[in-house]
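Numbering (our numbering), first residue to last: 2 to 203.
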């Protein structure tokens with residue numbers, strides 16, 4: 002089972018994040034085989050961390066919940082909210098496989114599906130995938146649907162995208178078939194940076 006996890010920072014806990022960062026890295030290293038992608042979201046100027054976003058694979062809901070509960074930043078009060086959702090890896094590869102170059106800018110894009118839009122999404126998914134296919138190798142770091150707890154019903158998207166600016170990203174998103182067909186209630190966009198220690202490829 003694949004999951005997308007949002008760990009929303011408590012703005013008052015920045016000192017704790019710094020204090021337990023090494024333990025956080027070690028914990029994630031010990032679970033490296035479970036990760037598809039991991040990193041942090043931030044303000045556009047990268048001065049303030051907003052959340053950790055991770056994409057993982059575990060055998061069950063119990064396993065992923067235990068993983069999140071024991072994560073050092075979470076267990077030491079860095080996060081004010083934890084959101085775990087079913088997700089499916091649309092690229093069949095991991096973040097570490099994405100070709101990275103100096104100067105690239107990355108974005109976390111979370112589309113929240115309108116209630117009851119699963120059937121319309123099924124009618125649109127082929128067009129969406131065809132639109133994204135030319136970008137999958139060099140623009141899309143990770144992409145996939147957010148699903149209900151049973152993994153059957155579409156409820157949105159959680160993607161990582163490489164794009165030089167917010168304006169260019171918004172123009173790119175405007176042409177998505179999902180956006181043009183009104184499947185999203187809202188789209189959340191935040192800067193993204195890869196996780197791991199300095200110089201580590203994760």
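Each residue gets a CB set at the ideal place from its N, CA and C atoms; glycine is no exception.
None of the values given here were measured: they were computed from a predicted structure.
**Prompt:** Distance, Cα to Cα, residue 94 vs residue 55?
**Reply:** Their backbone Cα atoms lie some 14 Å apart in a straight line.
**Asked** With respect to the alpha helix (DSSP H) encompassing residue 62, which residues constitute its N-terminal and C-terminal limits?
**Response** Per DSSP, residue 62 is one residue of the alpha helix (DSSP H) stretching across 62–71.
**Request:** List the endpoints of the continuous beta strand (DSSP E) containing residue 30.
**Result:** That residue, residue 30, is in no beta strand (DSSP E); its alpha helix (DSSP H) goes 22–31.
**Message:** What would DSSP say about residue 10, mapped onto helix, strand or coil?
**Reply:** Residue 10 falls in the strand class under three-state DSSP.
**Message:** Comparing C-alpha positions only, which one of 105, 17, 155 sits nearest to residue 140?
**Reply:** The alpha carbon of residue 140 has as its nearest neighbour, out of 105, 17, 155, the alpha carbon of 105.
**Item:** Residue from 15, 11, 125, 75 whose Cα sits closest to the Cα of residue 157
**Value:** Of the candidates 15, 11, 125, 75, the one whose C-alpha sits nearest the C-alpha of residue 157 is 125.
**Item:** Which of helix, strand or coil DSSP assigns to residue 173
**Value:** Correct three-state label for residue 173: helix.
**Prompt:** Since residue 217 is in the beta strand (DSSP E), which residue starts that stretch and which ends it?
**Reply:** With the chain covering only 2 through 203, there is no way to say anything about residue 217.
**Request:** Using the Cα positions of residue 64 and residue 150, report the straight-line distance between them to the nearest angstrom.
**Result:** Going by the C-alpha atoms only, they are around 14 Å apart.
**When 183, 190, 155, 153 are compared against residue 170, the one with the closest alpha-carbon** = Checked all of 183, 190, 155, 153; the closest Cα to residue 170 is 190.
**Asked** So is residue 196 buried or exposed if we call it buried at 16+ other beta carbons inside 10 Å?
**Response** That one is buried.
**Under the three-state DSSP convention, the category residue 47 falls into** = Note: residue 47 maps to coil in three-state DSSP.
**Prompt:** Looking at residue 60 and residue 3, is the spacing between their C-beta atoms short of 7 Å?
**Reply:** In this structure, residue 3 sits away from residue 60, with a CB-CB distance that is not shorter than 7 Å.
**Asked** What number of angstroms, rounded off, separates the C-alpha of residue 92 from the C-alpha of residue 202?
**Response** Cα to Cα, the separation comes out at about 18 Å.
**Request:** Please classify residue 1: is it buried, with 16 or more other beta-carbons within 10 angstroms of its beta-carbon, or exposed?
**Result:** This structure gives no information on residue 1, because the portion of the chain shown stretches from 2 to 203.
**residue 154 versus residue 85: straight-line alpha-carbon distance, rounded** = Residue 154 and residue 85 have their C-alpha atoms some 16 Å from each other.
**Request:** Compare the beta carbon distance of residue 51 and residue 10 with 7 Å and say whether it is the shorter of the two.
**Result:** Pairing residue 51 with residue 10 gives a Cβ-Cβ distance under 7 Å.
**Prompt:** For the putative contact between residue 96 and residue 175, defined by C-beta atoms under 8 Å, what is the C-beta separation to the nearest angstrom?
**Reply:** Actually they do not touch by this definition, with Cβ atoms about 25 Å apart.
**Those residues which DSSP pairs with residue 111 across a bridge** = Within the DSSP bridge table, the entry for residue 111 names 159, 189 as partners.
**Message:** Let me check understanding here. Comparing Cα to Cα, which of 167, 88, 186, 164 lies closest to residue 152?
**Reply:** For the residues 167, 88, 186, 164, the minimum Cα distance to residue 152 belongs to 88.
**Item:** Classification of residue 75 by the beta-carbon crowding that lies within 10 angstroms, buried from 16 upward
**Value:** Buried.
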